[in-house]
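Novice:
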Amino acid sequence: MNKNIARLRRAKSTRAHIRELGVARLSVLRTGQHLYAQVFTADGSKVLAAANTTQTDVMEGLKNGKNADAAAKVGRIVAERAKAAGVEKVAFDRSGYRYHGRIKALAEAAREAGLQF
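The numbers in this note's numbering rise by one with no breaks, and the one at position 21 of the sequence shown is 23.
1) Given a cut-off of 8 Å on the beta-carbon distance, is the pair residue 89 and residue 49 in contact?
2) Between the Cα of residue 23 and those of 97, 100, 92, spot the shortest distance and give me the residue it belongs to.
3) Between the stretch 73-85 and the stretch 108-115, are three or more C-beta pairs nearer than 8 Å?
4) Less than 8 Å between the beta carbons of residue 77 and residue 108, yes or no?
5) Looking at residue 30: is its Cβ nearer than 8 Å to the Cβ of residue 96?
6) Is residue 60 closer than 8 Å to residue 181 when the C-beta atoms are compared?
7) Helix, strand or coil: which one does DSSP assign to residue 15?
8) How many Å lie between residue 45 and residue 20 at the Cα?
9) Less than 8 Å between the C-beta atoms of residue 9 and residue 101, yes or no?
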């Protein structure tokens with residue numbers, strides 16, 4: 003089993019649990035160069051808010067999009083956009099990634115910006 007298959011297996015079980023909760027889902031995708039975050043409706047049919055490091059307004063003042071500072075900025079922006087869309091409480095879907103580094107920075111910044119996990 004390679005790393006990606008193991009990550010997707012972990013993500014599948016997490017998403018099944020989140021589906022039972024019936025709340026909006028904050029999903030994260032981490033690549034080598036960028037970080038993407040989206041808030042979905044409870045049934046997963048619609049994206050309510052999104053932010054990523056490829057957007058120019060997110061990258062203002064950042065050296066690159068692959069460090070914890072960029073992740074924290076993405077977390078703050080996606081939380082602000084989610085609150086503007088009327089979402090206060092979300093379930094954090096880390097997509098099978100370990101909760102450390104960029105993933106942890108994004109989650110903590112979103113919490114500080116007002117999202118409740």
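For glycine and all other residues, C-beta sits at the position ideal for the given N, C-alpha and C.
Predicted, not measured: the structure shown is a model, and the values here were computed from it.
Specialist: Checking against the coordinates, here is how it stands:
1) Here residue 89 refers to the residue found at position 87 of the sequence shown. Here residue 49 refers to the residue found at position 47 of the sequence shown. In this structure, residue 49 does not lie closer than 8 Å to residue 89 by Cβ.
2) Working through the sequence shown from its first residue, we reach residue 23 at position 21. Comparing Cα-Cα distances from residue 23 to each of 97, 100, 92, the minimum goes to 92.
3) With the cut-off at 8 Å, the stretch 73-85 and the stretch 108-115 touch.
4) As a first step, residue 77 is located in the sequence shown; it is residue number 75 there, counting from the start. As a first step, residue 108 is located in the sequence shown; it is residue number 106 there, counting from the start. Contact: yes.
5) Residue mapping note: residue 30 aligns to position 28 of the sequence shown, counting from 1. Residue mapping note: residue 96 aligns to position 94 of the sequence shown, counting from 1. Taking C-beta atoms as the reference points, residue 30 and residue 96 count as a pair closer than 8 Å.
6) The displayed coordinates of the chain run from 3 to 119. Any statement about residue 181 would go beyond what the structure contains.
7) Within the sequence shown, residue 15 is the residue found at index 13, counting from 1. When DSSP states are grouped into helix, strand and coil, residue 15 belongs to the helix group.
8) As a first step, residue 45 is located in the sequence shown; it is residue number 43 there, counting from the start. As a first step, residue 20 is located in the sequence shown; it is residue number 18 there, counting from the start. Rounded to the nearest angstrom, the two C-alpha atoms are 10 Å apart.
9) If you number the sequence shown from 1, residue 9 lands on position 7. If you number the sequence shown from 1, residue 101 lands on position 99. No, the Cβ-Cβ distance between residue 9 and residue 101 is not below 8 Å.
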